[in-house]
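Chemist: Which chain is which? The protein sequence lines are A and B, in order.
According to our numbering, the residues represented by the first sequence are 1 to 501, in order.
According to our numbering, the residues represented by the second sequence are 502 to 867, in order.
For every residue, glycine included, the Cβ atom is placed at its ideal position computed from N, Cα and C.
One structure follows; several queries about it will come next.
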Amino acid sequence: MPEWLTQPDFLVERDPERCIQCEVCVRQCANEVHEFDAELREVFSDSAACVGCHRCASLCPTDAISIREVELEFRTNANWSPQVIRNIYRQAEQGGVLLTGMGNPEGLPIYWDRMLLNASQVTNPSIDPLREPMELFTQLGKKPARLEFAEDGALQTQIGPQLELKVPVMFSAMSYGSISYNASEALARAAHEVGTYANTGEGGLHEHIKPYADNMIVQVASGRFGVDVDYLNAAAAIEIKIGQGAKPGIGGHLPGEKVSADISATRMIPEGTDAISPAPHHDIYSIEDLRQLIYAIKEATRYTKPVGVKIAAVHHIAAIASGAVRAGADFVAIDGYRGGTGAAPTMIRNNVGIPIEFALAAVDARLREEGIRHDASLIVAGSFRCAADVVKAIALGADACYIGTAALVAMGCHLCQKCYTGKCNWGIATQDPYLTRRLNTNIATRRLTNLLQSWGHEIQEIMGGMGINAIESLRGNRDHLRGVNLSDRELQVLGIQMAGE
Amino acid sequence: MATNRLLPFKDYGGCSIVGVMDQSGRLFGGDAVIRAIANMHERSNGLGGGFAAYGIYPARADQYAMHLMFDTAAAKAETEALLHERCFVHHAEEIPTRHHPNITGEPLVHRYFINIEPDADRPFMDEDDLVVELHMHINAAVQDAFVFSAGKNMGCFKGVGYPEDLGAYFRLDEYEAYTWIAHGRFPTNTTGWWGGAHPFSILDWAIVHNGEISSYGINKRYLRNFGYERTLQTDTEVIAYLFDLLIRKHELPLEVACRAMAPPFWADIERMGEDEAAQARAIRAVYGGALLNGPFAVVVGSTGRMIGFSDRTKLRPQVCARGGERLYIASEEAAIRTICPDPDIVWHPDAGEPVVGELNVGVRAR
Numbered sequence: 001m002p003e004w005l006t007q008p009d010f011l012v013e014r015d016p017e018r019c020i021q022c023e024v025c026v027r028q029c030a031n032e033v034h035e036f037d038a039e040l041r042e043v044f045s046d047s048a049a050c051v052g053c054h055r056c057a058s059l060c061p062t063d064a065i066s067i068r069e070v071e072l073e074f075r076t077n078a079n080w081s082p083q084v085i086r087n088i089y090r091q092a093e094q095g096g097v098l099l100t101g102m103g104n105p106e107g108l109p110i111y112w113d114r115m116l117l118n119a120s121q122v123t124n125p126s127i128d129p130l131r132e133p134m135e136l137f138t139q140l141g142k143k144p145a146r147l148e149f150a151e152d153g154a155l156q157t158q159i160g161p162q163l164e165l166k167v168p169v170m171f172s173a174m175s176y177g178s179i180s181y182n183a184s185e186a187l188a189r190a191a192h193e194v195g196t197y198a199n200t201g202e203g204g205l206h207e208h209i210k211p212y213a214d215n216m217i218v219q220v221a222s223g224r225f226g227v228d229v230d231y232l233n234a235a236a237a238i239e240i241k242i243g244q245g246a247k248p249g250i251g252g253h254l255p256g257e258k259v260s261a262d263i264s265a266t267r268m269i270p271e272g273t274d275a276i277s278p279a280p281h282h283d284i285y286s287i288e289d290l291r292q293l294i295y296a297i298k299e300a301t302r303y304t305k306p307v308g309v310k311i312a313a314v315h316h317i318a319a320i321a322s323g324a325v326r327a328g329a330d331f332v333a334i335d336g337y338r339g340g341t342g343a344a345p346t347m348i349r350n351n352v353g354i355p356i357e358f359a360l361a362a363v364d365a366r367l368r369e370e371g372i373r374h375d376a377s378l379i380v381a382g383s384f385r386c387a388a389d390v391v392k393a394i395a396l397g398a399d400a401c402y403i404g405t406a407a408l409v410a411m412g413c414h415l416c417q418k419c420y421t422g423k424c425n426w427g428i429a430t431q432d433p434y435l436t437r438r439l440n441t442n443i444a445t446r447r448l449t450n451l452l453q454s455w456g457h458e459i460q461e462i463m464g465g466m467g468i469n470a471i472e473s474l475r476g477n478r479d480h481l482r483g484v485n486l487s488d489r490e491l492q493v494l495g496i497q498m499a500g501e
Numbered sequence: 502m503a504t505n506r507l508l509p510f511k512d513y514g515g516c517s518i519v520g521v522m523d524q525s526g527r528l529f530g531g532d533a534v535i536r537a538i539a540n541m542h543e544r545s546n547g548l549g550g551g552f553a554a555y556g557i558y559p560a561r562a563d564q565y566a567m568h569l570m571f572d573t574a575a576a577k578a579e580t581e582a583l584l585h586e587r588c589f590v591h592h593a594e595e596i597p598t599r600h601h602p603n604i605t606g607e608p609l610v611h612r613y614f615i616n617i618e619p620d621a622d623r624p625f626m627d628e629d630d631l632v633v634e635l636h637m638h639i640n641a642a643v644q645d646a647f648v649f650s651a652g653k654n655m656g657c658f659k660g661v662g663y664p665e666d667l668g669a670y671f672r673l674d675e676y677e678a679y680t681w682i683a684h685g686r687f688p689t690n691t692t693g694w695w696g697g698a699h700p701f702s703i704l705d706w707a708i709v710h711n712g713e714i715s716s717y718g719i720n721k722r723y724l725r726n727f728g729y730e731r732t733l734q735t736d737t738e739v740i741a742y743l744f745d746l747l748i749r750k751h752e753l754p755l756e757v758a759c760r761a762m763a764p765p766f767w768a769d770i771e772r773m774g775e776d777e778a779a780q781a782r783a784i785r786a787v788y789g790g791a792l793l794n795g796p797f798a799v800v801v802g803s804t805g806r807m808i809g810f811s812d813r814t815k816l817r818p819q820v821c822a823r824g825g826e827r828l829y830i831a832s833e834e835a836a837i838r839t840i841c842p843d844p845d846i847v848w849h850p851d852a853g854e855p856v857v858g859e860l861n862v863g864v865r866a867r
């Protein structure tokens with residue numbers, strides 16, 4: 001019996017007519033798919049190592065390389081899919097937990113695609129955002145239920161610190177460590193240029209990113225990496241990370257080989273040591289413990305910054321979010337089961353958590369029922385692919401969205417799901433200097449800026465079509481959503497009507 | 502259940518609105534406002550019209566005048582039992598009407614002058630709160646009964662038909678008020694239900710509205726946070742409840758309340774002075790759920806006050822005029838000139854800018 005039963009996922013084909021043996025592919029592939037045989041003076045490819053990232057094909061000057069998914073070689077079986085069989089082979093060979101990167105790729109329903117948006121016809125005019133104001137400006141943070149005025153008409157109510165977004169889209173938590181320094185810098189600079197926020201994840205705040213700290217949300221996660229009072233006070237807001245949509249209930253592990261001198265300084269840990277984030281915070285074993293941490297951070301920052309909590313969308317999400325708000329969170333970030341990750345156990349990523357659409361609908365409804373919706377803003381994450389997804393989320397009740405994967409794709413990611421290997425050929429999810437320098441920060445910043453700008457324009461177009469010129473009139477306005485392909489129960493949980501109703 | 506009624510979910514379509522207030526408090530008959538609204542006949546389509554009048558019940562000014570419509574005698578009996586259980590009913594009568602060939606399918610319309618004793622078990626509910634609760638309870642829970650209005654020294658008269666015909670039907674020429682507001686409907690979704698006509702009213706707030714509120718979905722959910730649960734079935738109703746919430750409950754100054762509903766643009770806020778900008782920012786941060794988006798022009802009546810305002814880009818017409826002691830607000834200038842041929846001043850208020858008329862002294866007899 002052969003030791004290896006796994007077949008390649010991809011087939012790399014080289015057109016000999018076109019290939020000029022320039023070896024670009026050899027140099028570009030960190031997975032060592034391509035090899036130049038000096039004796040034969042010819043490049044050969046080993047398909048087994050290919051992850052399908054398209055780096056070689058993208059850079060091949062003669063378009064000689066094509067990459068195809070290996071066609072189904074197993075007997076058709078609806079239950080035992082090729083992926084399931086391959087996973088068993090891998091585990092039988094290696095005896096470990098299956099690891100993966102990026103968000104859940106399984107074919108579960110995407111509810112955004114089952115919700116359709118409204119537009120004005122005749123009885124109210126649609127608005128042209130090129131000619132008339134169309135306001136996306138969004139404030140995130142706790143707001144009072146009402147304003148009070150003195151006898152002389154002066155405003156008496158003080159409003160707490162708010163994050164101010166020109167586009168209701170922010171960059172999700174991605175740590176320096178899980179992504180390269182260049183990628184981190186590009187995210188920070190793009191957030192700064194557009195007027196939104198990027199999130200450090202638990203990678204600490206790099207010295208060179210501090211100039212953009214006014215547009216950074218810093219994370220306090222279970223490993224507490226990089227956290228000190230300066231870190232908290234440098235940022236625009238602080239996010240306590242309880243969970244992540246791709247791996248609810250699971251911690252994190254940055255292997256020691258990635259902990260370079262620079263990362264060691266940023267995370268405040270010794271060089272070369274594994275950076276392990278425990279599954280729970282070891283000082284949070286209950287909601288009252290969370291409240292203590294929220295207020296400890298508020299004290300440390302003198303109540304000048306919003307302090308929020310990020311949680312993964314799990315079964316009792318409405319009750320959990322309500323608890324976080326009552327514990328003092330100024331914003332709650334909810335990460336759905338399609339949320340991305342640098343590394344997660346495949347079983348967890350593909351099977352734990354619930355869709356962000358339902359989590360958002362349930363949380364917004366619950367906070368309103370309890371009369372505490374104004375006490376915290378809602379940020380949602382977990383696979384926002386386009387401007388329409390963002391509009392639908394805001395209409396369901398979100399204040400803003402976090403994007404992670406979309407931002408990485410803008411920088412060149414091809415979703416090969418191998419972030420955890422540290423061999424990202426696009427220079428994004430790697431610390432290898434040979435690879436990271438491929439990501440030009442100026443170009444990456446511009447691509448991210450372009451992405452947010454184009455989404456902003458699209459959101460404005462959609463709102464204009466609805467006849468709405470301020471985003472607060474879209475937020476939670478479920479009348480502008482209609483369902484297709486949804487059961488009564490699904491419509492009920494989403495709190496929307498069926499198309500045609 | 503009342504919620505199954507064919508009430509328009511949103512009031513699609515165009516409309517005519519008019520409001521006339523004598524700021525000296527002098528009372529005048531309903532014939533003038535009927536002529537003004539009749540002038541804009543083309544802006545309505547015979548599927549709804551209505552009036553609200555202030556100062557019409559001076560002899561019972563301390564009592565809540567509850568105008569109620571019933572589709573059946575059973576609904577009337579059930580409602581009356583409820584009123585006698587919860588309130589002190591000073592006087593009850595059928596609202597007098599005059600046969601009109603264009604008005605058909607008319608329900609029973611009665612008025613009850615009531616007061617409610619404070620509830621010792623609920624010390625935080627004042628009489629206004631108890632009346633609102635009763636109003637909403639009847640609309641939601643009593644089949645075939647609907648409250649037109651329940652304010653002091655005011656009342657709403659409305660139904661299906663052209664407004665001028667309804668004005669004649671309700672004999673409004675025989676009433677005297679210091680403020681009259683009126684509405685002619687052009688709905689694109691026909692329902693033919695008398696309760697669905699304007700004005701919509703809560704306590705002494707009455708609203709006539711030309712437009713469509715695109716933010717209705719969130720305004721409704723926002724109001725639910727504050728207990729306006731049961732009867733939020735139309736977008737016009739939402740405006741009435743927002744006035745009640747912002748002014749009666751949150752005690753906001755009138756200009757602030759209007760600014761919450763039609764706030765300045767961020768670009769304009771940036772150009773404001775520091776204090777004004779801070780106030781505008783605070784309003785937008787806190788009252789985003791009260792922002793009324795979409796095309797509208799409204800005239801709002803309340804005790805001693807008439808307010809006109811439009812959406813913040815003024816997508817529906819609104820013109821104002823002053824003639825002597827009277828303030829006029831209407832969809833069209835022609836309507837004003839029908840009853841005030843030579844006004845002292847005519848002006849077009851800016852988008853979102855409230856026009857407020859208040860009684861200078863008090864109510865005076867003609």
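For leucine 793 of chain B versus aspartate 769 of chain B, is the C-beta spacing smaller than 8 angstroms?
Modeler: Contact: no.
Chemist: Can you check which of these residues, A/Ser487, A/Gly464, A/Asp488, is closest to alanine 119 of chain A by C-alpha distance?
Modeler: Nearest of A/Ser487, A/Gly464, A/Asp488 to alanine 119 of chain A, Cα basis: A/Gly464.
Chemist: Rounding to the nearest angstrom, what Cα-Cα distance links glycine 543 of chain A and proline 255 of chain A in this structure?
Modeler: Because chain A spans 1 through 501 in this model, residue 543 of chain A falls outside it and cannot be assessed.
Chemist: Going by the beta-carbon positions, is the gap between alanine 558 of chain A and leucine 116 of chain A smaller than 8 angstroms?
Modeler: Only positions 1 to 501 of chain A appear in this structure, which leaves residue 558 of chain A out of reach.
Chemist: I want to verify the contact list: residues of chain A whose CB lies under 9 angstroms from the CB of threonine 814 of chain B, in sequence order.
Modeler: Neighbours of threonine 814 of chain B on chain A, chain order: Ile127, Glu132, Pro133, Asn469.
Chemist: Measuring alpha carbon to alpha carbon, tell me which residue in A/Leu486, A/Gly495, A/Ser222, A/Ile496 is nearest isoleucine 110 of chain A.
Modeler: Ranking A/Leu486, A/Gly495, A/Ser222, A/Ile496 by Cα distance to isoleucine 110 of chain A puts A/Leu486 first.
Chemist: Taking glycine 328 of chain A as the reference, which of A/Ile294, A/Tyr337, A/Arg349 has the closest Cα?
Modeler: Selected option, being the one with the closest Cα: A/Ile294.
Chemist: Under 8 angstroms, do tyrosine 679 of chain B and glycine 789 of chain B count as touching if we go by C-beta distance?
Modeler: Result no, Cβ atoms of tyrosine 679 of chain B and glycine 789 of chain B do not sit closer than 8 angstroms.
Chemist: Which residue marks the beginning of the beta strand (DSSP E) containing methionine 570 of chain B, and which one marks its end?
Modeler: From DSSP, the beta strand (DSSP E) with methionine 570 of chain B extends over 565-571.
Chemist: Please confirm whether isoleucine 784 of chain B and valine 757 of chain B have their CB atoms less than 8 angstroms apart.
Modeler: Closer than 8 angstroms, so yes.
Chemist: Alpha carbons only, please: which of A/Ala221, A/Phe225, A/Ala236 is nearest the one belonging to asparagine 215 of chain A?
Modeler: Taking only the C-alpha atoms, the option nearest asparagine 215 of chain A is A/Ala236.
Chemist: Run down chain B in chain order and give the residues with a C-beta less than 9 angstroms from the C-beta of arginine 475 of chain A.
Modeler: Those are Ile719, Gly789, Gly790, listed as they occur along chain B.
Chemist: Alpha carbon to alpha carbon, what distance is there between aspartate 666 of chain B and arginine 368 of chain A?
Modeler: The alpha-carbon atoms of arginine 368 of chain A and aspartate 666 of chain B are separated by roughly 44 angstroms.
Chemist: What's the gap between the Cα of threonine 804 of chain B and the Cα of glycine 500 of chain A?
Modeler: Approximately 42 angstroms between the Cα atoms of the pair.
Chemist: Measuring only the C-alpha atoms, how far is serine 81 of chain A from arginine 90 of chain A?
Modeler: Approximately 14 angstroms between the Cα atoms of the pair.
Chemist: Can you have a look at glutamate 833 of chain B and say buried or exposed, based on whether 16 or more other CB atoms are within 10 angstroms of its CB?
Modeler: When all chains shown are included, glutamate 833 of chain B counts as buried.
Chemist: Can you list the residues of chain B that proline 144 of chain A reaches, using a CB-CB cut of under 7 angstroms?
Modeler: Those are Val787, listed as they occur along chain B.
Chemist: At 8 angstroms on the CB atoms, spell out the chain A contacts of arginine 725 of chain B, in chain order.
Modeler: Ordered by position in chain A, the residues that pass the 8 angstroms Cβ test against arginine 725 of chain B are Arg368.
Chemist: With DSSP collapsed to three states, give me the class of glycine 530 of chain B.
Modeler: If DSSP states are grouped into helix, strand and coil, glycine 530 of chain B belongs with the strands.
Chemist: Let me see if you follow: with CB-CB separation under 8 angstroms, is methionine 466 of chain A close to chain B or not?
Modeler: Interface residue, yes.
Chemist: When you compare the CB positions of threonine 436 of chain A and threonine 430 of chain A, do they come within less than 8 angstroms of one another, or not?
Modeler: In this structure, threonine 430 of chain A lies closer than 8 angstroms to threonine 436 of chain A by Cβ.
Chemist: Can you tell me the Cβ-Cβ gap for valine 857 of chain B and leucine 746 of chain B, rounded? I've got them flagged as a contact below 8 angstroms.
Modeler: Not quite, the Cβ-Cβ distance comes to about 19 angstroms (not below 8 angstroms), so this is no contact.
Chemist: Using the beta-carbon of each residue, which ones in chain B are nearer than 7 angstroms to threonine 157 of chain A?
Modeler: What threonine 157 of chain A touches in chain B: Ala783.
Chemist: Please confirm whether valine 307 of chain A and leucine 378 of chain A have their CB atoms less than 8 angstroms apart.
Modeler: It is not a contact, given that the beta carbons lie outside the stated cut-off.
Chemist: Can you confirm whether proline 608 of chain B, when its beta carbon is compared against all beta carbons of chain A, has any partner nearer than 8 angstroms?
Modeler: It does not; no Cβ of chain A falls within 8 angstroms.
Chemist: Does phenylalanine 671 of chain B come out as helix, strand or coil in the three-state DSSP assignment?
Modeler: Looking at phenylalanine 671 of chain B - three-state DSSP - the assignment turns out to be coil, as it is neither helix nor strand.
Chemist: Skipping 5 residues on each side, what residues in its chain have a beta carbon closer than 7 angstroms to that of proline 796 of chain B?
Modeler: Cβ neighbours of proline 796 of chain B beyond the five flanking positions: Gly712, Glu713, Asp812, Leu816, Arg817.
Chemist: Only counting the same chain, and skipping five residues up and downstream in sequence, which positions put a Cβ closer than 8 angstroms to that of asparagine 87 of chain A?
Modeler: If we look at asparagine 87 of chain A and ignore the five residues flanking it on each side, its Cβ neighbours are Leu98, Thr346.
Chemist: Report yes if the CB atom of histidine 206 of chain A is closer than 8 angstroms to the CB atom of serine 184 of chain A, and no otherwise.
Modeler: Yes. Within cutoff.
Chemist: Could you tell me the distance, in whole angstroms, from the CA atom of leucine 724 of chain B to the CA atom of leucine 753 of chain B?
Modeler: Going by the C-alpha atoms only, they are around 16 angstroms apart.
Chemist: Excluding the five sequence neighbours on either side, which residues of its own chain have a C-beta within less than 7 angstroms of the C-beta of arginine 45 of chain A, listed in chain order?
Modeler: The identity of residue 45 of chain A in the sequence shown is serine, whereas the question assumes arginine. Answer for serine 45 of chain A: Val12, Arg14, Val33, His34, listed in chain order.
Chemist: Against chain B, does histidine 480 of chain A count as a neighbour if the rule is that its beta carbon must be under 8 angstroms from one of theirs?
Modeler: Yes, histidine 480 of chain A counts as interfacial toward chain B.
Chemist: Go ahead and pull the three-state DSSP assignment for serine 545 of chain B.
Modeler: Coil at serine 545 of chain B, not helix or strand.
Chemist: With DSSP collapsed to three states, give me the class of serine 517 of chain B.
Modeler: Strand.
Chemist: Just tell me which of A/Ser47, A/Arg373, A/Tyr434, A/Ala387 has its CA closest to the CA of glutamine 460 of chain A.
Modeler: Measuring from the Cα of glutamine 460 of chain A, the nearest candidate turns out to be A/Ala387.
Chemist: What is the DSSP secondary structure of cysteine 657 of chain B, reduced to helix, strand or coil?
Modeler: Reduced to three states, the DSSP call for cysteine 657 of chain B is strand.
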